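Asker: One structure, pasted below without further comment.
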Amino acid sequence: MTTLHNGLSDVKLKYLNRFVKESAILDLGAGNCQYSEWIKLMLPKADITAVDHTNSDSPKDVSFHCLDIEKKLPFDDSSFETIIAFDILEHINSVDILLDELFRVLKPGGIILGSVPHDEDHFLPAYNLTFYHRSDVTHKRYYVPKTLIKTLTEHNFINAETWLEGGVSPAVFAEFFPRLIKPVVKKAIGLFRRIKLIKTDILKSDLFFIAYKEDSEKL
């Protein structure tokens, strides 16, 4: 479940805490640099570069660049050991150009960590339901794990992994039943989930991913 703490997503913090180390970090689409600031607090020796298409008052010790990420990035090859790309790919006109640039500026052995909106909730509007990301008119695409891994692999990233987060639990449907039988319905839904009779992935709203740039020296 995604919750917010001081304006930050607990789910995103979970993945940052798991994968990001003190290194040269590129925070793509950094906005007001909240995550850059959190990383700097947790990892004081991290060398963070934050970029966004609008100006921002960046924290001290964070290098901020206002630029168009759909053009060639003003960084040398192999500049960063970690690239953070939360909620970015769905907004870009040309994912191919951006991923090629991110691969170029990533060091061998480095990682790209990010998130995109999940695409298996497309059945919900038929029931007058939807997740918030479907109302964002700036979204140009959605992904399922298979298509996201394929996209990353086509741009030379390796060992891509994905995780589904957010959304709602199927147990929410128990709320449609009378109070007296609601506990029974919840238990039944829980049982069906355990024995995999209920497909829960379609109720997940966010798809997180990590992928790597091959380090030929370690082969």
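Take 375 as the starting number for the sequence shown in the numbering used here and just add one per residue. Positions of the beta carbon are idealized from the N, C-alpha and C atoms, including for glycine. Everything numeric in this text was worked out from a predicted model, so none of it was measured.
#1: In the structure shown, what three-state DSSP assignment does Glu396 receive?
#2: Taking Cβ positions, are His529 and Asp442 nearer each other than 8 angstroms?
#3: Can you list, in chain order, the residues of its chain whose CB lies under 6 angstroms from that of Tyr516, leaving out five sequence neighbours each side?
#4: Need the endpoints of the alpha helix (DSSP H) that Pro519 sits in, please.
#5: Please state whether DSSP places Gly381 in a helix, a strand or coil.
#6: Residue ranges of each alpha helix (DSSP H) run of no fewer than 4 residues wholly in the region 384-467, ordered along the chain?
#7: What residue range is occupied by the uninterrupted alpha helix (DSSP H) comprising Pro557?
#8: So, with DSSP's three-state summary, where would you put Glu475?
#9: Going by DSSP in three states, Leu577 sits in which element: helix, strand or coil?
#10: Have a look at the DSSP bridge pairing and note the partners of Ser489.
#11: Looking at the strands, I want to know which residues DSSP matches up with Thr536.
#12: Would Gly484 and Thr456 qualify as a contact pair, given that the criterion is a beta-carbon distance under 8 angstroms?
#13: According to the neighbour-count rule (16 or more other Cβ atoms, all chains shown, within 10 Å of its Cβ), is Leu554 buried or exposed?
#14: Between the region 430-441 and the region 454-469, are three or more C-beta pairs nearer than 8 angstroms?
#15: Do the CB positions of Ala534 and Phe477 come within less than 8 angstroms of each other?
#16: Please report how far the alpha carbon of Lys573 lies from the alpha carbon of Lys514, in whole angstroms.
#17: Hey, Leu571 and Leu538 are a contact pair by Cβ (cut 8 angstroms); roughly how many whole angstroms apart?
#18: Is it right to say Glu411 is buried, meaning 16 or more other beta carbons lie within 10 angstroms of its own, or is it exposed?
#19: Among Pro448, Asn406 and Phe449, whose alpha-carbon lies nearest the alpha-carbon of Asn429?
#20: State the beta-bridge partners of Leu480 as determined by DSSP.
Answerer: In brief:
#1: The three-state reading of DSSP puts Glu396 in coil, since its state is none of H, G, I, E or B.
#2: No, these two residues do not count as a Cβ contact at 8 angstroms.
#3: In chain order, Pro491 and Asp493 place their CB closer than 6 angstroms to the CB of Tyr516, counting only its own chain and leaving out the 5 sequence neighbours on each side.
#4: Here the alpha helix (DSSP H) through Pro519 covers Pro519 to Glu528.
#5: It is coil, neither helix nor strand.
#6: Counting only runs of 4 or more, we get 384-393 and 408-416.
#7: Run containing Pro557: Lys556 to Arg568, per the alpha helix (DSSP H) assignment.
#8: In the structure shown, Glu475 sits in a helix (DSSP, three-state: H, G or I).
#9: If DSSP states are grouped into helix, strand and coil, Leu577 belongs with the helices.
#10: In DSSP, Ser489 forms a bridge with Phe460 and Phe582.
#11: Thr536 pairs with Phe583.
#12: Against a cut-off of 8 angstroms, the Cβ pair of Thr456 and Gly484 comes out as a contact.
#13: By the neighbour-count rule (16 or more Cβ atoms within 10 Å), Leu554 is not buried but exposed.
#14: Judged by Cβ distances under 8 angstroms, the region 430-441 makes no contact with the region 454-469, as fewer than three pairs qualify.
#15: No, the pair does not count as a contact, with Cβ atoms beyond the cut-off.
#16: If you draw a straight line from the Cα of Lys573 to the Cα of Lys514, it is about 26 angstroms long.
#17: With 8 angstroms as the limit, Leu571 and Leu538 do not qualify as a contact, their Cβ atoms being about 18 angstroms apart.
#18: Glu411 comes out buried.
#19: Nearest option by C-alpha distance: Asn406.
#20: According to DSSP, residue pairing for Leu480 in a beta bridge involves Phe454.
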